[in-house]
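**Q**
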Amino acid sequence: MRWYQRFFSRGPTEKKLDAELRFHLEQQIADYVAAGMTPDEARRRARQEFGGLEQMKEECRDVGTAHLIETLMQDLRYGLRQLRRSPGFTAVAVLTLALGIGANTAIFSVVDCVLLAPLPYPQSDHLVMIWEWNLHLKQVREPSYPNFRDWQRDARSFQEMAGYKWHFFDLSSPGTPEHIASMEISSGFFTMLGVKLPFGREFSPQEDRRGGAPVAIISDQLWRDRFGGSPKALGKPLTLNEVEYTIVGVLPPGFRLFGDTNDAQVFTPLGQGDPLILNPRGSYGCIVIARLRPRVSIAQAQAEMSTTQNRLDQLYPEANKGMGTEVVPLKKQFVGDVGGTLLLLLGAVGLVLLIACGNVANLLLARSTARMREFAIRSALGASRSRVVRQFLTESVLLSLAGGGLGLLVAEWGVKPTLAAVPGSLPRSGEIGLNVQVLLFALGVAITVGILFGLAPVLKSSKSNLHDALKEGGRTSTSGHHHMQGGLVIFQMALTLVLLVGAGLLFRTIRHLWETNPGFDADHLITFQVEFPPSLTKAPSIERAAYQQMLERIRSIPSVEAADFTYNLPLRGWENNAYFWIGSRKPAIIQSAPQMLVYNTGPDYIRTMRIPLLRGRFFTPKDNNSAPCVAVIDSVMAHTYFPNEGPLGQMLTFGWTPPFGPCQIVGVVGHVKHWGLGNESGYVRAESYYPLYQLPDQWVTASEGYRSTTILVRTPLAVDAAMPAIRRAVYGTGREQPVYNVQTMQAIASESMSSQRFPMILLGTFAGLALLLASIGIYGVISYSVAQRVREIGIRVALGAEKSDVFRMVIGQGLRLALAGLALGAVAALIFTRLLSSFSHLLYGVGTNDPWTFAVVSLVLTGVSIVACYIPARRATAVDPTVALRCE
Amino acid sequence: MNEEKSEFLKGTLDMLILKVVALGPIHGYAIAQRIQQISRDFFQLQQGSLYPALHRLEDRGWLKAEWKTTETGRDAKFYGLTARGRKQLEAEVANWEKLTDAVALILRTAE
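Chains as they are written, first to last, in my numbering: chain G, 4 to 891; chain Y, -9 to 101.
1. What do you reckon, are the CB atoms on Arg620 (chain G) and Ala641 (chain G) nearer than 9 Å?
2. Is the Cβ of Ala386 (chain G) closer than 9 Å to any Cβ of chain Y?
3. Would you please verify whether the beta carbon of Gln495 (chain G) is less than 9 Å from any beta carbon of chain Y?
4. Tell me which residue opens and which closes the alpha helix (DSSP H) that Tyr1 (chain G) is part of.
5. By how many angstroms is the C-alpha of Phe810 (chain G) removed from the C-alpha of Ala879 (chain G)?
6. Indicate the three-state DSSP secondary structure (helix, strand or coil) for Pro543 (chain G) in the structure shown.
7. What in chain A is Cβ-close to Gln78 (chain Y), meaning under 8 Å?
8. In this structure, does DSSP put Asn150 (chain G) in helix, strand or coil?
9. Going along chain Y in order, which residues have a C-beta closer than 7 Å to the C-beta of Gln30 (chain G)?
10. Counting beta carbon pairs with one atom in the region 218 to 234 of chain G and one in the region 136 to 145 of chain G, are three or more of them shorter than 8 Å?
11. Strictly below 8 Å CB to CB, what residues from chain G border Gln37 (chain Y)?
12. Among G:Ala351, G:Val533, G:Gly215, G:Ser382, which residue has its Cα nearest to the Cα of Glu61 (chain G)?
13. Identify whether Val439 (chain G) lies in helix, strand or coil by the three-state DSSP scheme.
14. Give every residue of the same chain whose Cβ lies closer than 6 Å to the Cβ of Phe523 (chain G), excluding the five residues on either side of it in the sequence, and list them in chain order.
15. Check the Cβ-Cβ distances between Cys63 (chain G) and every residue of chain Y, and say whether any is below 9 Å.
16. When burial is assigned at 16 or more other CB atoms within 10 Å of the CB, is Arg294 (chain G) buried or exposed?
17. Taking the beta strand (DSSP E) that Asp173 (chain G) falls in, what are its first and last residues?
18. Using a Cβ-Cβ cut-off of 9 Å, state whether Lys806 (chain G) counts as contacting chain Y.
19. Considering only residues of the same chain and omitting the five flanking positions on each side of Ala405 (chain G), which have a CB-CB separation below 6 Å?
20. Select from G:Arg511, G:Gly410, G:Trp154, G:Val392 the residue whose C-alpha is nearest the C-alpha of Val461 (chain G).
21. Quick check: Ile220 (chain G) and Gly238 (chain G), are their CB atoms within less than 9 Å of each other?
22. Do the CB positions of Leu502 (chain G) and Val355 (chain G) come within less than 9 Å of each other?
23. To which residues does DSSP link Gly327 (chain G) through a beta bridge?
24. Using the three-state DSSP reduction, which class does Leu119 (chain G) fall into: helix, strand or coil?
25. Would you call the CB atoms of His978 (chain G) and Val860 (chain G) closer than 9 Å?
26. From Gly476 (chain G) to Ala497 (chain G), what does the alpha carbon distance come to, in whole angstroms?
27. Within 9 Å (strictly less), CB to CB, does Lys19 (chain G) reach chain Y?
28. Determine the chain G residues that contact Gln65 (chain Y) at a beta-carbon separation under 9 Å, and present them in chain order.
29. If you run the structure through DSSP and keep just helix, strand and coil, what is Lys141 (chain G)?
30. Do the CB positions of Pro146 (chain G) and Trp134 (chain G) come within less than 9 Å of each other?
31. Please list the terminal residues of the continuous beta strand (DSSP E) segment that includes Cys289 (chain G).
32. Using a cut-off of 7 Å between C-beta atoms, extract the partners of Tyr69 (chain Y) located in chain G.
33. Would the region 77 to 94 of chain Y count as touching the region 34 to 49 of chain G if we require 3 or more Cβ pairs under 8 Å?
34. Using only alpha-carbon positions, find the residue among G:Tyr550, G:Ser371, G:Gly55 that is nearest to Ser89 (chain G).
35. Is DSSP giving Phe411 (chain G) helix, strand or coil here?
36. Which residue from Y:Lys54, Y:Arg50, Y:Lys88, Y:Glu61 puts its Cα closest to that of Gln30 (chain G)?
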């Protein structure tokens, strides 16, 4: 028995088929013998009549599904053996695919988690956020607490409505003191979300008001860390800002409102919050989430909210006139505009996979030449064409499944570090990981690409002639390959160019952003926050003195050039806007007044930040609460609102509730890029400064007063070198106060670019991967072509061609492919960059058809192609004509 | 067997096999013999069509197969008709009769 016969006669079904046919044959022979033939004659005659045995068996096999599975098993066994037989090919193909599929799976797992997966609440599509909408400024804003309570009472579209505010507490007992993030929430907050507390209960409406019992709900983590996960934690005290709260509930493990890691640890009743901030209807900062009643649409809820808000406008025109509402699905709110970027990245990583497929298809094509003879033999022995195709595809799908399996590891291993490299750039990133959808995606992708690249040699083999293949032993008849392989290389080059251009444009954007003057000197600046003990914050005068003394101590450190405190910082996205008016021109409707950005700072702020003083003066320590109110504005505000008159000496009123001022404008400073280093359009650009030392007493001690300021230190030292001395200076009050959020201004600037940096890093990685794959691709094809053309090259050399001619010929062949790819890619890239620029936040300071980017990228690609062709070209020059001519 | 005959056979092979098998369990060789004899050598059934057809009919559930010993003491695969196969046969015969009637009618009246 030959190996292929053994191969065909496996399994019980095969044996039975053999027996059945053998019985037929033997009966026939017996009949012929009975009719008078000699046994030999009878056997010959019967065999002749029987015809193509294998073909018939093949047809019988093709009938049933059981046979299908059996042939599949055979194909798998055979495929595995084939792959084992050429480990080099298998390893390269599987690794290539693993990179391609892995990268795709990684990005898909992010897309799945961020965009596709519902929020982790029951009927989460009924959850919405409700905002106030300033009709004049076309801006959303958080409603005030009184407005939220009125909405909650009046609106019928919602099953439940709840509000929350961010808050920070100094947790001092039990355990070590710590500054923790917390949320003030209204009663019914967790019921509204559909979150059930495993221990304890939610706040009652009686607790959710001024004077209610101090109660708290804690996170699962805090419960484990500080109470050892004991149910006895309920009823225990928790000391927050020196006030004892009683624990009434514990949250389930893994509860994260925003799906990322920096969520609140402690929850306290919203109604017990600071009345200074809660009570004014004109203030804001209460975030509202609601659950729609069943069968109420967003549009219906929006319509009802508009009516409700109109009524409030009439009741409280001072605070509400000109304010509409906006109802936004919660998921949309969380995901924001990151969706477009992610889909863009998914597209880009898809291109990488196509390039990887191109490489594997090329490898298979090269191999299929060698295997042409094998398939010709099998066809001649009765294997039908569909059977051969199936065998081919089984092998390629086997390859891609192996690649996919390895790719899952790549994805699992690659996602977390990638996300960690760009913190804060993705919402819900805490939930990202491998799950069933991701596994199915990887499986689907693997099978699809397996069929895709497996088809290339099949299409090719359909054109080849069996007879020729058998006759020539598969050594020639390869011209068709050249076209197809060349085409694949051109296609890979084009796709690589597209990715390189995309990454290049983003890279240029980031360089532009770095080079942008933010209006201050971001180098050598350290920022941090300090939590003061309640003994130092119980009275405004004590708190003022404490801060002043601390700043003086910091300034007396020899390495510190300047230091001060500020309520607001640029590039953090902090929104500290205020309506304003000049002189006595107070508008009837405050919401129609223009807005400016406010920095409440100490007198040394602009010296610390190195913001240029353009006219007049900045604050001095004498501008305190016993001196007349002063203000400073920036050049944009001076230019916009005082185009003809000098701003100095004008009176500016800050339209807070209650209004601050009027304050005399005493200086003009340079504009600072507050909203990011890129485009500022769509944001409030006018900037003003208000002295922190003039803050009214009740605001100094408020929860959003001095204690939420940031200390800013200019020092030539690195953070690690500078911080010990600074900490000692802060601790000089005699008690160790938590120093937290230590960050350099450089890091803040870098973080402000995360919406560009995240796609740039990923696109850059993909482009690098594409470049690697494409250069392997062109190397493989040129090497193969040189190997095929050994005889031709030998003839050329024999006829007098110089080594340099041969070298040029091979390099030229590679270059032609690369250049064709570049031309094709340039067109595709122009389309792609249009797409890129449609995401307004991605590109800055660089055109979509930036000639520099295109030129550099093309040069890189050409250079890499030449390098990739160098080795095969050298090999071609080494061809010895006598050997080459003799070998065929 | 010439081209014409084989073409003619193709559409009706399944029906003829079902009809022959309907007489009682029978193995492949005997089916070929029986069809050849009854048709007075008009149909010379090729193994190349017979066995794929048998396997197809079995796969569709119209035939059931069983390994049994022949009178000569050898093991052979015997095919028998299933209930569904009988229904199929009736339907195909009815169809066939309608077809031949119609063809005959045309041939008669068109003269």
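Think of the CB as a built atom: it goes at the ideal place given N, C-alpha and C, for glycine as much as any other residue.
Treat the numbers as computed from the prediction; the structure is a model and nothing was measured.
**A** Per the coordinate set shown:
1. Ala641 (chain G) is positioned such that its CB atom lies no closer than 9 Å to that of Arg620 (chain G).
2. Judged by the 9 Å Cβ criterion, Ala386 (chain G) is not in contact with chain Y.
3. Look at Gln495 (chain G): its C-beta is not under 9 Å from any C-beta on chain Y.
4. The structure shown does not extend to residue 1 (chain G), since chain G is modelled only from 4 to 891, so the question has no answer here.
5. A straight-line Cα-Cα distance of about 7 Å links Ala879 (chain G) and Phe810 (chain G).
6. Note: Pro543 (chain G) maps to helix in three-state DSSP.
7. In the structure shown, chain A cannot be found, because the protein chains are G and Y.
8. Of the three classes helix, strand and coil, the one that applies to Asn150 (chain G) here is helix, per DSSP.
9. For a Cβ distance threshold of 7 Å, residue set Tyr19 of chain Y lies close to Gln30 (chain G), ordered along the chain.
10. Contact between the region 136 to 145 of chain G and the region 218 to 234 of chain G is absent, because fewer than three Cβ pairs lie under 8 Å.
11. Chain G residues near Gln37 (chain Y): Leu24, His27, Glu52, Phe53, Gly54, Met59.
12. When each option's Cα is compared against that of Glu61 (chain G), the closest is G:Ser382.
13. Helix at Val439 (chain G).
14. Short of 6 Å from the beta carbon of Phe523 (chain G), and not among the five residues preceding or following it, lie these beta carbons of its own chain, in chain order: Met612, Arg613, Ile614, Val675.
15. Chain Y, which has a Cβ nearer than 9 Å to the Cβ of Cys63 (chain G), makes this yes.
16. Taking all protein chains in view, the Cβ of Arg294 (chain G) is crowded by 16 or more other Cβ atoms within 10 Å, so the residue is classified as buried.
17. Where Asp173 (chain G) is concerned, the enclosing beta strand (DSSP E) stretches over 161 to 176.
18. Chain Y contact via Cβ: absent.
19. Once the five neighbours on either side are set aside, the close Cβ partners of Ala405 (chain G) are Val97.
20. Closest by alpha carbon: G:Val392.
21. No, Cβ-Cβ distance for Ile220 (chain G) and Gly238 (chain G) is not below 9 Å.
22. Yes; because the gap between Cβ atoms is below 9 Å, this pair is in contact.
23. Beta-bridge partners of Gly327 (chain G) (DSSP): G:Trp136.
24. Helix.
25. Not covered by the structure: residue 978 (chain G). The range shown for chain G is 4 to 891.
26. Residue placement at Gly476 (chain G) is flagged as unreliable, the pLDDT there being 47, under the threshold of 50; the coordinate-derived value follows with that caveat. Answer to the nearest angstrom: the Cα atoms are 35 Å apart.
27. At least one chain Y Cβ lies under 9 Å of Lys19 (chain G).
28. According to the sequence displayed, residue 65 (chain Y) carries Asp and not Gln. Neighbourhood of Asp65 (chain Y) in chain G, by CB distance below 9 Å: Ala22, Phe26, in chain order.
29. Collapsing the DSSP output to three states places Lys141 (chain G) in coil.
30. Yes, they are a contact pair.
31. For Cys289 (chain G), there is no enclosing beta strand (DSSP E), since its DSSP letter is neither H nor E.
32. Residues of chain G whose Cβ lies closer than 7 Å to the Cβ of Tyr69 (chain Y) do not exist, since the nearest Cβ in that chain is about 10 Å away.
33. Segments in contact, no.
34. Ranking G:Tyr550, G:Ser371, G:Gly55 by Cα distance to Ser89 (chain G) puts G:Ser371 first.
35. Rather than Phe, the amino acid found at residue 411 (chain G) in this sequence is Leu. DSSP places Leu411 (chain G) in helix when its eight states are reduced to three.
36. Distance from the Cα of Gln30 (chain G) is smallest, within the candidate group Y:Lys54, Y:Arg50, Y:Lys88, Y:Glu61, for Y:Glu61.
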